[in-house]
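Written below as structure tokens is the structure these notes are about.
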Amino acid sequence: GQQLNQSPQSMFIQEGEDVSMNCTSSSIFNTWLWYKQDPGEGPVLLIALYKAGELTSNGRLTAQFGITRKDSFLNISASIPSDVGIYFCAGQLGAGGTSYGKLTFGQGTILTVHP
Amino acid sequence: DVKVTQSSRYLVKRTGEKVFLECVQDMDHENMFWYRQDPGLGLRLIYFSYDVKMKEKGDIPEGYSVSREKKERFSLILESASTNQTSMYLCASSINTGEKLFFGSGTQLSVL
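Residue numbers (our numbering), protein chains in the order written: chain Y, 1489 to 1603; chain U, 86 to 197.
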């Protein structure tokens, strides 16, 4: 199946620093999503992107859908301790057909924030 | 609030046992999914279902089967558990055309 390469694998930062992570694919996706998993919980959707070039914000989080439709980026500004967790990118080929909302996930970025 | 409930938070089984992981959603979603999560590998899709009694293989279905007799319930079955099936298992659901998955809290399965 499709593969998503997410980087970096882990990040150790100080509170207040900005964070950047990205995801690349060998396939074109019609939708990109970013999820966050808190310790002991399932992933929760942060941001969904639907158009190439789209830039979307959710509070201190900003994500972009790459122009080539093969990549996406997530930035977190002014990090705080509760930003700790695992961040996953995910891509979807498209609605309808046999996709049924099926997503392909990246390997995850483990974020640690030191107070 | 949207809720996906997985029956067990932790499970310890022996090699060769038949294992059932249960998942229930209260959102009347058409789609349900089973993923496994392993460090460095992210989430990999095992099986999904888009309707009652319908199922489709995901990327890693070997050694697993599923059952969906009712819309709200999706079960993952390990016919004969093996040590390489030790993992975190995550259930999720979504609306028919939706890309927004709602996840349960996961079941950490250890096979000894």
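Think of the CB as a built atom: it goes at the ideal place given N, C-alpha and C, for glycine as much as any other residue. Bear in mind the structure is a predicted one, so any value in this text is a computation, not a measurement.
Annotation: the continuous beta strand (DSSP E) that includes S1495 (chain Y) extends over 1492-1495. If you ignore the 5 residues before and after P146 (chain U), its C-beta comes within less than 7 angstroms of the C-beta of I131, Y132, all in its own chain and listed in chain order. CA-CA distance, T1597 (chain Y) to N1563 (chain Y), rounds to 12 angstroms. Cβ-Cβ separation between L128 (chain U) and Y120 (chain U): approximately 4 angstroms, consistent with a contact (criterion under 8 angstroms).
In this structure the region 89-101 of chain U does not lie against the region 1500-1516 of chain Y, because fewer than three pairs of beta carbons, one per stretch, are closer than 8 angstroms.
Shortest Cα-Cα distance from T1519 (chain Y) to any of Y:P1496, Y:G1573, Y:Q1552, Y:S1570 involves Y:Q1552.
Closest in alpha carbon position to K103 (chain U), among U:D111, U:S150, U:E184, U:F188, is U:S150. The Cβ atoms of L186 (chain U) and F105 (chain U) lie no closer than 9 angstroms to each other. The three-state secondary structure of S195 (chain U), taken from DSSP, is strand. Close CB contacts of R158 (chain U) within its chain, under the 6 angstroms cut and outside five residues either way in sequence, are with V109 (chain order).
Taking a Cβ-Cβ threshold of 7 angstroms, the residues of chain U close to Q1595 (chain Y) are G125, L126, G127, in chain order. Contact check for T168 (chain U) against R94 (chain U) fails: the beta carbons are separated by 9 angstroms or more. Listed as beta-bridge partners of N169 (chain U) by DSSP are no residues whatsoever.
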